[in-house]
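*Asks:* My questions all concern the structure below.
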Amino acid sequence: MKQRYSLLSLAIISACYSSYANADLKQQCLLGVPQFQGEVVKGDQTQMPVYIEADSAVINQPKDATYTGDVSVKQGNRTILADQVRLEQNGDISRMAYLQGNFEYQDNFVQAKGRDATIDLFSKDTDLANADYQFVGRQGRGTAGEVSVREDQRVFKNASFTSCLPGDESWSVEAKEMRQYVKEEYAEMWHARFKVLGVPIFYTPYLQFPIGDRRRSGLLIPNAGRSSRDGWMFSQPIYWNIAPNYDATITPTYYSKRGWQISPEFRYLTTFGQGLVASEYMNNDRLASWQNRPQNKDKSRYMLYWKHNVNFASNWRFSTDYTRVSDKRYFSDFDSPYGSSTDGYATQTFKLGYYQPNYNLSISGKKFQTFDNMAIGPYRVLPQIDFNYYKNNLIKGGDFKLFAQTARFANDSHLMPTAWRFHAEPSLNFPMANRYGSLDVETKLYTTYYMQQKGSSAQAEDVKSRVSRVLPQLKLDFKTVLEANNQLFSGFSQTFEPRVQYLYRPYKDQSDIGSKRYQNLGLGYDSALLQQDYYSMFNDRRYSGLDRIASANQVTVGGTTRFFNDRTGAEVFNFSIGQIRYFSPSKIDNLSTNSMAKRSSSWAMESNWKFSPKWNWHGGYQYDTRLRETSLANMSLQYKPRQDKVVQLNYRYASKNYIDQSLSRGANRYGQDIKQLGGVVGWELTDKVSVMASYYRDLALKKPVEMQLAIDYNTCCWKTTFYAGRRLVATPTGKPDGRNDFYYDNRFGINFELRGFSSNYNNGVTRMLKRGIIPYTEAYNIN
């Protein structure tokens, strides 16, 4: 008796409880699902006492016993009601239990109704008939005409399953026979029929799916849609479970106007690290605008991506991040998770490093694939060897740092010189602090040596073979925090955080570094102009990289004021403003057009205001004193009452002169201001319906940049997402001057998902917000 009832529970649960029921459902999905009453009993159920109640019992010791009339049997968490229960045993040879007539069974896992069951209490073999089951506390129900349970295998005859709640027959899967393999954790179906509203819509003679935590190969959720540029689209991801530490997804996609694209993705986890290898390949892009480009001799298009990370031998780390595409238009023409149309380049990098508490050493390489129309691209660096050393209190009160680098630069253009660069940068910092504030006094020495060689082309210019540069630097950085007695706003305390930084670095002519003829194409082997905001004003250098180090005799003055809620202590508002004042012009060389001839830099301002727990505002503004105009401005207003409800309004501005000044000198001029106004809404309307809508308009172009609408209908039984969008894209051909024409690409798509085949029951708001060329980004949130 003790063994029989635990086996009945195990038979029904194991045979029917698959990965369908493991989903994390919302509370409303539990309506209509049976719940376990009382406290769950822990421990081995088979070792617990059995309590039997019946209208009558006939016991024939020691061969058999029969219980009839409203039989109730309880053991641990298990309860069974039956018309009749008969036990038969033959000494130690066999012991059988027969449930005759109707029975009802429930424990903390499953509830079942049926008629007639046979259980071998010694071998644990079980045969059920006419079973109608439903999981307890979770979705999942079905029927089976016959169920045969053995030690490692379960066979269902005329079986069905659905995760829909009782009374909802939206979909179900029926099979003539279903066979489950316990140890291997998968099931097979023969003559399976998928029904929607009771109507068969799909038939397969054979179907296989997982019934446990193990991954299984098979089909994933397909996607379908249409684009005015690409035509009809259908993709069917295929999952391949290669091994416990290897798997792959292969996604064939068909575009009616382009052709077939294949996208394999391979993931691995080994003792040599973890990583991802992915590619996208189209043998022949049939799009007419692409076929008609005379420069496109090879009509194939591809993308290759590899990312790998590994920590080994305790202190060693290796990483690589490699992305390469067939052409500059790839990310504009294809939606890819490995790049965006807003990206201006793809990078191929690797790094091998050795790390210790006081120092680290690394060797790396980097190459850029740019997507603009520049005749001469950026330099690649291989190898680059970096060394960092840290020692606090090297001398009394002084912290010592040393950065050293060796790098070799080469360019794909034979007109450009190649170079080795050797750089050492020791610094000594004396931090001082008391209750009035802090003062950091730092000295630094830039020492750089170049070995340069002219380009291999006959038209390449001569360059100086040996160039050295030594630049000392002195920096004084003072910061303090002042608490103010706020008389204006009751309930809030205020602080003022002024900051003053003086920086001195003498002038050194650097015109011999790199190409003079093509110096207007860039700023050196690896230098680029830093974007200036309030926080970057306190950087040591105006340019990233080491080739262009401008002279400095300047003081940066700035400050931040903050307001805190007296009751909660939370920051609710801040405002920062700063400016650099030049005592003498900041120069790089006599040829540079970027020398600071004025006595002041741009004004930079930034502010954040959380005026309620649900509302947040962020703004930034930059006024360029050289251009005498507003160069950058942005504003974001967000209402977010909870995670799945958000409304955000955005404004972005960048002046034409600022953009042209920031671009590499050989790039095409942008030609106009950027003025974008728009917003995005992601909102869960009901438990079943969520929407996302976004609209961005370029006020300078006087036309919309992007419009999107997505609707997510989410039930306990199935889910569908509809998407429609209209975005401004550039034509592949462009104009003779290198600029692009623009047109609208209209697209829509639909995605359908069955509940029970996935553990993801989100309403889709977060996922939908990531769509588009201007995706939603979280507004600055004051803690």
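Residue numbers (mature numbering (1 follows the signal peptide of the UniProt record, and there is no 0)): -23 to -1, 1 to 760. Just so you know, even glycine gets a beta-carbon here, dropped at the ideal spot from N, CA and C. Since the structure is predicted, the reported quantities are computational estimates derived from the model, not experimental observations.
Which one or two residues does DSSP pair with Gln450 in a beta bridge?
*Replies:* Paired residues: Lys421.
*Asks:* In or out: Val358 buried (at least 16 other Cβ within 10 Å) or exposed?
*Replies:* Result: buried.
*Asks:* Quick check on the DSSP output: the beta strand (DSSP E) that includes Asp675 runs from which residue to which?
*Replies:* It spans 666 to 675 - the beta strand (DSSP E) in which Asp675 sits, taken as one unbroken run.
*Asks:* From this set, Glu16, Gln346, Leu459, Leu64, which residue's C-alpha is nearest residue 781's C-alpha?
*Replies:* No statement about residue 781 is possible, as the shown extent of the chain runs from -23 to 760 and does not include it.
*Asks:* Leaving aside the five residues before and after Gln599 along the sequence, list all residues of the same chain whose C-beta is less than 6 Å from its C-beta, in chain order.
*Replies:* Correct list, in chain order: Ser579, Ala581, Ser608, Leu609.
*Asks:* Check each candidate in Thr230, Asn691, Tyr163 and name the one with the smallest Cα separation from Asn218.
*Replies:* Of the candidates Thr230, Asn691, Tyr163, the one whose C-alpha sits nearest the C-alpha of Asn218 is Tyr163.
*Asks:* Identify the continuous alpha helix (DSSP H) that holds Gln268 and give its terminal residues.
*Replies:* Gln268 -> alpha helix (DSSP H) spans 265 to 268.
*Asks:* Mapping DSSP to helix, strand and coil, what is Thr743?
*Replies:* Three-state DSSP puts Thr743 in a helix.
*Asks:* Going by C-alpha distance, which of Leu731, Gly726, Leu705 is nearest Phe719?
*Replies:* It is Leu705.
*Asks:* Inspect the CB distances between the region 720 to 730 and the region 140 to 151 and report whether three or more fall short of 8 Å.
*Replies:* Taking 8 Å as the limit for Cβ pairs, the verdict is that the region 140 to 151 does not touch the region 720 to 730.
*Asks:* Can you check DSSP and say which residues form a bridge with Met259?
*Replies:* In the DSSP output, where bridge partners are listed per residue, Met259 has Arg278.
*Asks:* Pull the bridge partners of Lys344 from the DSSP assignment, please.
*Replies:* Answer by DSSP bridge pairing, in chain order: Gln325.
*Asks:* List the whole-angstrom C-beta distance separating Lys305 from Leu264, where the pair is believed to meet the contact cut-off of C-beta under 8 Å.
*Replies:* Their Cβ separation, rounded to whole angstroms, is 15 Å, which puts Lys305 and Leu264 out of contact at 8 Å.
*Asks:* Strictly by DSSP, which residues pair up with Asn585?
*Replies:* According to DSSP, which records beta bridges pairwise, Asn585 is partnered with Asn551, His595.
*Asks:* Tell me which same chain residues have a C-beta within less than 6 Å of the C-beta of Ser584, skipping the five on either side of it?
*Replies:* Correct list, in chain order: Phe552, Gly596.
*Asks:* Below 8 Å on the Cβ atoms is my contact criterion, and I expect Thr424 with Val444 to pass it. Report the Cβ-Cβ distance as a whole number of Å.
*Replies:* The Cβ separation is near 12 Å, so there is no contact.
*Asks:* Please say whether Ile688 and Val658 have beta carbons closer to each other than 7 Å?
*Replies:* The answer is no: Cβ separation not under 7 Å.
*Asks:* Leu392 bridges to which residues according to DSSP?
*Replies:* BP columns for Leu392 are empty, so no partner.
*Asks:* Where does Lys696 sit, in a helix, a strand or coil, going by DSSP?
*Replies:* Of the three classes helix, strand and coil, the one that applies to Lys696 here is strand, per DSSP.
*Asks:* By Cβ distance below 8 Å, which residues in the same chain neighbour Arg203 in space, the five residues on each side in sequence not counted?
*Replies:* Cβ within range, chain order: Trp209, Met210, Arg724, Phe725, Gly726.
*Asks:* Report the CB separation of Tyr315 from Thr297 in whole angstroms; it is logged as a contact under 8 Å.
*Replies:* About 14 Å separates the two Cβ atoms, so there is no contact after all.
*Asks:* Quick one, are the C-beta atoms of Lys652 and Tyr673 less than 7 Å apart?
*Replies:* Not a contact, by the Cβ cut-off of 7 Å.
*Asks:* Should Tyr223 and Ser194 be called a contact, given that it needs their Cβ atoms to be closer than 7 Å?
*Replies:* No. Outside cutoff.
*Asks:* In chain order, what residues of the same chain lie with their CB nearer than 8 Å to the CB of Met514, ignoring the 5 residues before and after it?
*Replies:* Correct list, in chain order: Thr533, Gly535, Gly555, Gln556, Ile557, Ser578, Ala581.
*Asks:* Figure out for me which residue from Ser339, Ile340, Ser341, Tyr356 has the closest Cα to the Cα of Thr347.
*Replies:* Cα-wise, what sits closest to Thr347 is Tyr356.
*Asks:* Out of Ser488, Met745, Ser561, Cys694, state which residue places its alpha-carbon closest to the alpha-carbon of Asp439.
*Replies:* The residue with the shortest Cα to Cα distance from Asp439 is Ser488.
*Asks:* Hey, how far is the Cα of Phe377 from the Cα of Leu422?
*Replies:* Looking at the two C-alpha atoms, the distance is approximately 12 Å.
*Asks:* Mapping DSSP to helix, strand and coil, what is Met166?
*Replies:* Reduced to three states, the DSSP call for Met166 is strand.
*Asks:* Using a Cβ distance threshold of 8 Å, determine whether the region 277 to 295 contacts the region 248 to 257, with at least three qualifying pairs required.
*Replies:* The region 277 to 295, when compared against the region 248 to 257, does touch it at the 8 Å Cβ threshold.
*Asks:* Just verifying my parser: in three-state terms, what is the DSSP assignment at Lys368?
*Replies:* Reduced to three states, the DSSP call for Lys368 is strand.
*Asks:* Go through its chain and collect everything with a Cβ distance to Gln38's Cβ below 7 Å, but skip five positions before and after it.
*Replies:* Excluding positions up to five away in sequence, the list is empty.
*Asks:* Considering only the alpha carbon of each residue, which of Phe588, Val176, Arg519 lies closest to Phe550?
*Replies:* Selected option, being the one with the closest Cα: Phe588.
*Asks:* So Ser296 is in the beta strand (DSSP E); what residue range does that whole segment cover?
*Replies:* From DSSP, the beta strand (DSSP E) with Ser296 extends over 293 to 302.
*Asks:* Among the residues of its own chain, which have a CB less than 6 Å from the CB of Gly250, if the five just before and after it don't count?
*Replies:* Counting only Cβ-Cβ distances below 6 Å, and skipping sequence neighbours, we find His285, Asn286, Val287.
*Asks:* May I ask which residues mark the beginning and end of the alpha helix (DSSP H) holding Ser309?
*Replies:* Ser309 -> alpha helix (DSSP H) spans 307 to 310.
*Asks:* Give me the Cα-Cα distance between Gln649 and Lys633, rounded to the nearest whole angstrom.
*Replies:* When rounded, the distance between both Cα atoms is 5 Å.
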